[in-house]
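There are 2 protein chains.
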Amino acid sequence: MPDAHTLGSMMDRIRALLTVIEEGSVNRAAVRLRITQPALSRQMQALENELGGKLLERETSGVKPTGLGHALVKAMRPLVGSYDTALAELRRQARGERSELRVGYLLSAAQSMLTPALAKLRKSQPEVKLKLHDMSPREQIDGLRAGELDLALIGQEGVMAAREFHSAKLCSLRVCVAVADSDLIAAQKSIALKELKGRDFIGVDEAQVPGRNRWMTALCKPAGFKPRFAVVVDGITNVLSQVVSESGVTLLPGYFEKLQHPGVTFVPVSDEKARWDFIVLWQKGRASAATRALVDALKQVAAALR
Amino acid sequence: MPDAHTLGSMMDRIRALLTVIEEGSVNRAAVRLRITQPALSRQMQALENELGGKLLERETSGVKPTGLGHALVKAMRPLVGSYDTALAELRRQARGERSELRVGYLLSAAQSMLTPALAKLRKSQPEVKLKLHDMSPREQIDGLRAGELDLALIGQEGVMAAREFHSAKLCSLRVCVAVADSDLIAAQKSIALKELKGRDFIGVDEAQVPGRNRWMTALCKPAGFKPRFAVVVDGITNVLSQVVSESGVTLLPGYFEKLQHPGVTFVPVSDEKARWDFIVLWQKGRASAATRALVDALKQVAAALR
DNA sequence: CGAGGGTATGCGCATCCGGCATAACGGCAA
DNA sequence: TTGCCGTTATGCCGGATGCGCATACCCTCG
Numbered sequence: 420m421p422d423a424h425t426l427g428s429m430m431d432r433i434r435a436l437l438t439v440i441e442e443g444s445v446n447r448a449a450v451r452l453r454i455t456q457p458a459l460s461r462q463m464q465a466l467e468n469e470l471g472g473k474l475l476e477r478e479t480s481g482v483k484p485t486g487l488g489h490a491l492v493k494a495m496r497p498l499v500g501s502y503d504t505a506l507a508e509l510r511r512q513a514r515g516e517r518s519e520l521r522v523g524y525l526l527s528a529a530q531s532m533l534t535p536a537l538a539k540l541r542k543s544q545p546e547v548k549l550k551l552h553d554m555s556p557r558e559q560i561d562g563l564r565a566g567e568l569d570l571a572l573i574g575q576e577g578v579m580a581a582r583e584f585h586s587a588k589l590c591s592l593r594v595c596v597a598v599a600d601s602d603l604i605a606a607q608k609s610i611a612l613k614e615l616k617g618r619d620f621i622g623v624d625e626a627q628v629p630g631r632n633r634w635m636t637a638l639c640k641p642a643g644f645k646p647r648f649a650v651v652v653d654g655i656t657n658v659l660s661q662v663v664s665e666s667g668v669t670l671l672p673g674y675f676e677k678l679q680h681p682g683v684t685f686v687p688v689s690d691e692k693a694r695w696d697f698i699v700l701w702q703k704g705r706a707s708a709a710t711r712a713l714v715d716a717l718k719q720v721a722a723a724l725r
Numbered sequence: 420m421p422d423a424h425t426l427g428s429m430m431d432r433i434r435a436l437l438t439v440i441e442e443g444s445v446n447r448a449a450v451r452l453r454i455t456q457p458a459l460s461r462q463m464q465a466l467e468n469e470l471g472g473k474l475l476e477r478e479t480s481g482v483k484p485t486g487l488g489h490a491l492v493k494a495m496r497p498l499v500g501s502y503d504t505a506l507a508e509l510r511r512q513a514r515g516e517r518s519e520l521r522v523g524y525l526l527s528a529a530q531s532m533l534t535p536a537l538a539k540l541r542k543s544q545p546e547v548k549l550k551l552h553d554m555s556p557r558e559q560i561d562g563l564r565a566g567e568l569d570l571a572l573i574g575q576e577g578v579m580a581a582r583e584f585h586s587a588k589l590c591s592l593r594v595c596v597a598v599a600d601s602d603l604i605a606a607q608k609s610i611a612l613k614e615l616k617g618r619d620f621i622g623v624d625e626a627q628v629p630g631r632n633r634w635m636t637a638l639c640k641p642a643g644f645k646p647r648f649a650v651v652v653d654g655i656t657n658v659l660s661q662v663v664s665e666s667g668v669t670l671l672p673g674y675f676e677k678l679q680h681p682g683v684t685f686v687p688v689s690d691e692k693a694r695w696d697f698i699v700l701w702q703k704g705r706a707s708a709a710t711r712a713l714v715d716a717l718k719q720v721a722a723a724l725r
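Line order of the protein sequences matches chains A and B. Using the working numbering, the first residue of the first sequence is number 420, and each one after it goes up by one. Using the working numbering, the first residue of the second sequence is number 420, and each one after it goes up by one.
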């Protein structure tokens with residue numbers, strides 16, 4: 420094996436070589452590098468062995484790079500530079516000094532809390548660069564897992580993944596039922612879950628809104644029945660269309676009551692236990708100052724809304 | 420001091436971390452890296468200390484990257500990749516397997532030898548990528564010194580620098596004198612140097628054609644006089660203009676005889692010792708196969724021309 | 001509450017790498 | 001030529017680094 424050493428320690432020798440070539444002298448470079456000349460001289464020999472060619476022309480007045488030496492400088496100096504700056508950036512990030520904050524949220528669900536919280540954040544930490552990503556709950560969880568998000572505002576869907584990240588419950592909303600305008604239920608001011616027994620439920624694709632169907636099932640259990648999902652469609656808007664065309668019902672978080680959808684009426688559920696938790700998830704490990712600030716702001720907003 | 424280790428050995432730990440994250444397990448990564456699990460586990464701790472933040476979430480089923488871990492992967496994986504490929508390229512180059520050949524030459528001087536030599540090279544090593552740079556002798560030497568050229572075809576000017584590089588004499592041309600058409604000398608078939616004693620010489624700027632004036636002086640010494648440079652101009656074409664306008668003379672390599680310049684006549688010098696050497700210079704250190712091939716081709720062409 | 005997967009820790013030893021002293025080498029001046 | 005002064009290279013030793021081995025710890029599942 421020609422190179423007995425590791426690739427990493429080789430980088431140290433390459434750094435040393437860059438200094439030697441800059442100084443044009445092993446002696447002067449050794450001074451700059453705070454080591455002795457023999458040590459540096461041996462490093463250069465080792466590097467030449469590892470690469471398999473001479474890097475320096477030794478002359479009585481100092482050293483000069485060979486063609487290979489020049490090529491090494493040209494290839495390695497920028498790489499070493501990027502490596503160092505990347506390292507510095509990671510160190511800053513480790514100290515929680517990252518100024519970028521990538522937030523995932525579902526606009527319709529999070530708007531009422533996120534907007535005021537962001538206003539607070541801007542006041543306390545105006546230099547933070549925000550990257551807002553309007554995305555589905557599934558995409559939020561995937562984004563967190565892939566390290567592409569620092570923080571996600573997510574509903575009941577995120578409870579499943581709460582173990583993987585730090586989490587805090589922001590508030591719990593009441594639940595409502597979506598029915599067609601023509602449905603008898605539509606006229607009621609509120610409804611008990613058990614009244615839905617036997618109705619056709621409209622489910623939603625697990626891939627897009629993970630756990631939503633299981634949540635509905637869990638909600639109905641205390642009411643004494645298991646919902647039958649007549650159709651499972653992809654996407655919330657399609658669910659509402661199906662509610663109309665199939666005369667089905669579906670359970671939704673309370674913020675849908677503010678929504679307008681042609682032909683659909685939202686009726687609040689009266690059961691005490693039927694709640695929709697809204698939580699914030701953020702990466703484990705030391706959170707950046709910006710992350711902590713936004714989480715705090717969200718908690719305050721949630722407390723005020725309650 | 421937070422990081423007691425070197426930046427280079429840190430790269431080894433970063434490499435290890437990349438493997439750990441890919442495998443999702445310190446155990447499996449240790450197998451891949453051919454070290455034991457405790458060793459790798461300690462490397463990860465060391466890296467976390469050096470960066471000042473947690474990189475991995477330890478779970479009973481293995482490990483997962485934290486936000487910082489993800490950021491490190493994103494920043495470092497491409498860098499480590501470039502570093503390795505750059506290293507591989509340098510190793511290839513050290514073994515003389517580089518396929519690019521950067522040649523510096525002065526078209527008017529080198530054309531007669533370079534063209535056939537390149538034809539030979541193309542035959543013996545057709546995969547070699549040539550970069551031809553038509554440049555002044557000074558630029559050629561600077562290019563060699565800066566490692567931007569592999570090989571230079573240069574005249575007498577290069578002899579000064581021959582110690583710094585490998586060199587081979589290709590041929591020696593006779594010398595000619597440039598005089599105005601109206602000059603008495605212009606009618607002669609040839610001329611002895613001593614006949615130029617007392618004439619005004621036209622010199623050329625040292626920065627562009629280094630050593631040319633010194634060469635003329637050295638040439639005249641055996642003839643028993645020291646040329647007086649009435650004017651020193653920059654650039655060969657300006658020299659010829661001055662020859663006409665100032666009725667000066669200048670010494671030039673023989674290949675100028677083939678040139679046409681209005682108002683200037685070139686008269687061969689008869690002195691045996693007055694020769695113009697044409698040499699090839701190439702980088703010290705192990706020369707690439709392509710370099711050696713071109714040098715050989717040039718030598719053959721030179722021998723054939725003689 | 002043991003078994004079995006994972007990660008962390010204590011300890012001893014080889015290896016590496018730097019410092020010190022000194023050799024070897026080349027140019028320059030007397 | 002010889003001696004001097006600059007350079008780089010080499011011999012040797014000691015300290016720190018980092019590995020392997022054995023084992024401790026921790027969590028989950030049956």
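Yeah, the Cβ is synthetic: ideal placement off N, Cα and C, and Gly gets one too.
When burial is assigned at 16 or more other CB atoms within 10 Å of the CB, is residue i buried or exposed?
i, result
"residue 421/A", "With a pLDDT of 45 at residue 421/A, under the threshold of 50, the predicted position of this residue should be treated as unreliable, though the coordinate-derived value follows. The residue in question, residue 421/A, is exposed, as its Cβ has fewer than 16 Cβ neighbours within 10 Å."
"residue 611/B", "exposed"
"residue 721/A", "buried"
"residue 727/B", "What is shown of chain B runs 420 to 725, which leaves residue 727/B out entirely."
"residue 503/B", "exposed"
"residue 655/A", "buried"
"residue 448/A", "buried"
"residue 429/B", "buried"
"residue 719/A", "exposed"
"residue 468/A", "exposed"
"residue 618/B", "buried"
"residue 602/B", "buried"
Any C-beta of chain B sitting closer than 8 Å to the C-beta of residue i?
i, result
"residue 512/A", "yes"
"residue 585/A", "no"
"residue 708/A", "no"
"residue 443/A", "no"
"residue 704/A", "yes"
Output the boundary residues of the alpha helix (DSSP H) element that contains residue i.
i, result
"residue 720/A", "708-724"
"residue 637/B", "631-639"
"residue 470/B", "456-470"
"residue 505/B", "486-513"
"residue 669/A", "Segment 669-672 is the beta strand (DSSP E) holding residue 669/A; no alpha helix (DSSP H) there."
"residue 564/B", "556-564"
"residue 445/A", "445-451"
"residue 435/A", "426-442"
"residue 665/A", "655-665"
On the DSSP letters alone, give me the boundaries of the beta strand (DSSP E) that residue i sits inside.
i, result
"residue 524/A", "519-524"
"residue 399/B", "The structure shown has nothing for residue 399/B, since chain B only spans 420 to 725."
"residue 683/A", "683-687"
"residue 599/A", "585-599"
"residue 617/A", "From DSSP, residue 617/A is part of no beta strand (DSSP E); its letter is neither H nor E."
"residue 478/B", "475-478"
"residue 608/A", "Looking at the DSSP string, residue 608/A is not in any beta strand (DSSP E), and its letter there is neither H nor E."
"residue 651/B", "647-652"
So, for residue i: in the same chain, excluding its five sequence neighbours on each side, which residues have a beta-carbon less than 6 Å away from its beta-carbon?
i, result
"residue 644/B", "616"
"residue 439/A", "445, 448"
Tell me which same chain residues have a C-beta within less than 8 Å of the C-beta of residue i, skipping the five on either side of it?
i, result
"residue 707/A", "512, 515, 516, 517, 520, 569"
"residue 531/A", "674, 724"
"residue 474/A", "436, 463, 466, 467, 484, 485, 487, 488, 491"
So, is the C-beta of residue i closer than 8 Å to a C-beta in chain A?
i, result
"residue 528/B", "no"
"residue 542/B", "no"
"residue 420/B", "In this prediction, residue 420/B has a pLDDT of 39, which is less than 50 and means its spatial position is unreliable; nothing more can be read from the coordinates."
Among the residues of its own chain, which have a CB less than 7 Å from the CB of residue i, if the five just before and after it don't count?
i, result
"residue 481/B", "443, 444"
"residue 710/A", "520, 569, 570, 701"
"residue 717/A", "532, 536, 589, 699"
"residue 573/B", "556, 559, 698, 700"
Exercise. Should the segment 669-682 of chain B be called in touch with the segment 590-610 of chain B, which here means at least 3 C-beta pairs below 8 Å?
Worked result: yes
Problem set entry | Three CB pairs or more closer than 8 Å across the segment 422-442 of chain A and the segment 456-474 of chain A | yes
Problem set entry | the segment 528-546 of chain B / the segment 495-514 of chain B touching (three or more Cβ pairs under 8 Å) | no
Exercise. Does the segment 627-645 of chain B come close enough to the segment 701-717 of chain B to have 3 or more Cβ pairs within less than 8 Å?
Worked result: no
For this session: Would you be able to state if there are at least three C-beta pairs under 8 Å between the segment 673-693 of chain B and the segment 547-562 of chain B?
Result: no
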